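**Q** Dropping a structure here in structure tokens format, bear with me for questions.
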Amino acid sequence: MIPDLRARLKAVAKEASKPEKKLECLVRDERFPFPEGDALRAVTARDLRRLGLETCDVPAERVLYLDTETTGFAGAGTVAFLIGMGWLEGDEFVVRQAFMRDYPEEPAQLALFAEKLADAECIVTFNGKTFDIPILRDRFLMARMRDRWREKPHLDLLHAARRTWKLRLGKCDLGTLEREILGFAREDDIPGAEAPERYFKYLKTGDFALIEPVMRHNAEDVVSLGRLMAHMANVYERAEEQQSMLDVLAVGSALEKFGEPERARRCYRLASGSEFSALARGKLAASYSRAHEYAQAAETYQAMIARGEGGLEAYRTLAILYEWRLGRPKDALRVTEQALAKFSGGDFRYHVQQNDLEALQRRYLRLIRKE
2 MIPDLRARLK AVAKEASKPE KKLECLVRDE RFPFPEGDAL RAVTARDLRR LGLETCDVPA
62 ERVLYLDTET TGFAGAGTVA FLIGMGWLEG DEFVVRQAFM RDYPEEPAQL ALFAEKLADA
122 ECIVTFNGKT FDIPILRDRF LMARMRDRWR EKPHLDLLHA ARRTWKLRLG KCDLGTLERE
182 ILGFAREDDI PGAEAPERYF KYLKTGDFAL IEPVMRHNAE DVVSLGRLMA HMANVYERAE
242 EQQSMLDVLA VGSALEKFGE PERARRCYRL ASGSEFSALA RGKLAASYSR AHEYAQAAET
302 YQAMIARGEG GLEAYRTLAI LYEWRLGRPK DALRVTEQAL AKFSGGDFRY HVQQNDLEAL
362 QRRYLRLIRK E
């Protein structure tokens, strides 16, 4: 018995001493012709700031474009079974995809991503702040690879796209932007919402044909991030040249938000000659007010009133400017009287809420007492 036991123990020890088979995920690299490469190389720190990222100049080749396909849309247990990474290399755009053929391959997949993340100076995603990055950060933690995670400056193009085109397009998903802004439509593309179901079927059947369309969809998403980035930088550099005045207005608002009020005002003035005059002049007047340039703000509101724009709010704001910012209570009273005359009558075109009318009357009485 003893010799037999010793032999069995030696056999077990020998088996245990064998190196474990290292699991590797599936890796696929593709190269795409990329005419927008020069435009990406021309992107400066100022361009990035206009899009919402405060950073220094970043070499175009050190920007990592990222998109994932996951087993769900949020919550515990959601796994990124496909990580798509893209970067500019020469006159081509390289897309590397790390696919998890089964759950045990996740550490290998995350390690591959960690290597590329370490080389990058910033990340560009589309809805990544809400979706991709939190999921990946959690997966690194769950895989006990937290030390491999690297926080990087992160530009989420969804937020920049909404600031730029939501006023005109309303919907700013990537497919809409490809059609309406970049000018192309995909052929035989699957909806991204199908990806989880296809992956689960693949795990059951092993049929990789279910995954091929998902990988193609993901690769096209990643390339579109680079194209969108190049296009958006150009839009902000040539804000006044945009064909839609709604785009000019939206870009103007973003420029003001990120510290370029004079360029923003040029956009507002340009749009004030269009059918969106009221909106443009309102933005221009508000811009002057925020900069404490109250005389210019008052002149803009006067012009709006003369054109019949802005409704009661234009009168109310102008009266406030006269009374509290410019020290001209008589002019404030005059504007308030004009507003009462216009909005207190029975003309349905100038109907206002009763509480707004009562506030106007209280302002009038208070200004009278100041006389």
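Under the numbering used here, the letters of the sequence shown match residues 2 to 372, in that order. Every residue, glycine too, gets a C-beta built ideally from N, C-alpha and C. Note that the coordinates shown come from a computational prediction; the quantities given were computed from them, not determined experimentally.
1. In this structure, what does DSSP give as the bridge partners for E31?
2. So D157 is in the beta strand (DSSP E); what residue range does that whole segment cover?
3. Near G260, which residues of its chain fall below 7 Å by C-beta distance, leaving aside the five closest residues on each side in sequence?
4. Pairing CB atoms from the region 209-228 with CB atoms from the region 161-172, are three or more of them under 8 Å?
5. Based on the DSSP output, what are the partners of D68 in its beta bridges?
6. Run through DSSP, which three-state label would V59 get?
7. Exposed or buried, R317, counting other C-beta atoms within 10 Å across all chains shown (16 or more means buried)?
8. For G309, which of A279, H293, E324 has the nearest alpha-carbon?
9. So, helix, strand or coil for H352, using DSSP?
10. Might you give, ordered along the chain, the residues of its own chain that have their beta carbon closer than 8 Å to the beta carbon of T337, omitting 5 neighbours on each side?
11. Can you list, in chain order, the stretches of the alpha helix (DSSP H) that have 4 or more residues and sit fully within the region 283-310?
12. Quick check: the region 107-119 against the region 134-151, are there 3 or more CB pairs under 8 Å?
13. Cα separation between M2 and A119?
14. Strictly by DSSP, which residues pair up with I124?
15. Cβ atoms of A161 and L1: under 7 Å apart, would you say?
**A** Quick answer:
1. V96
2. 155-157
3. none
4. no
5. G85
6. coil
7. buried
8. A279
9. coil
10. Y316, A320, L361, R364, Y365, L368
11. 295-307
12. yes
13. With a pLDDT of 45 at M2, under the threshold of 50, the modelled position of this residue cannot be trusted, and the question is left open.
14. L65, H155
15. With the chain running from 2 to 372 in the structure shown, residue 1 is simply not present.
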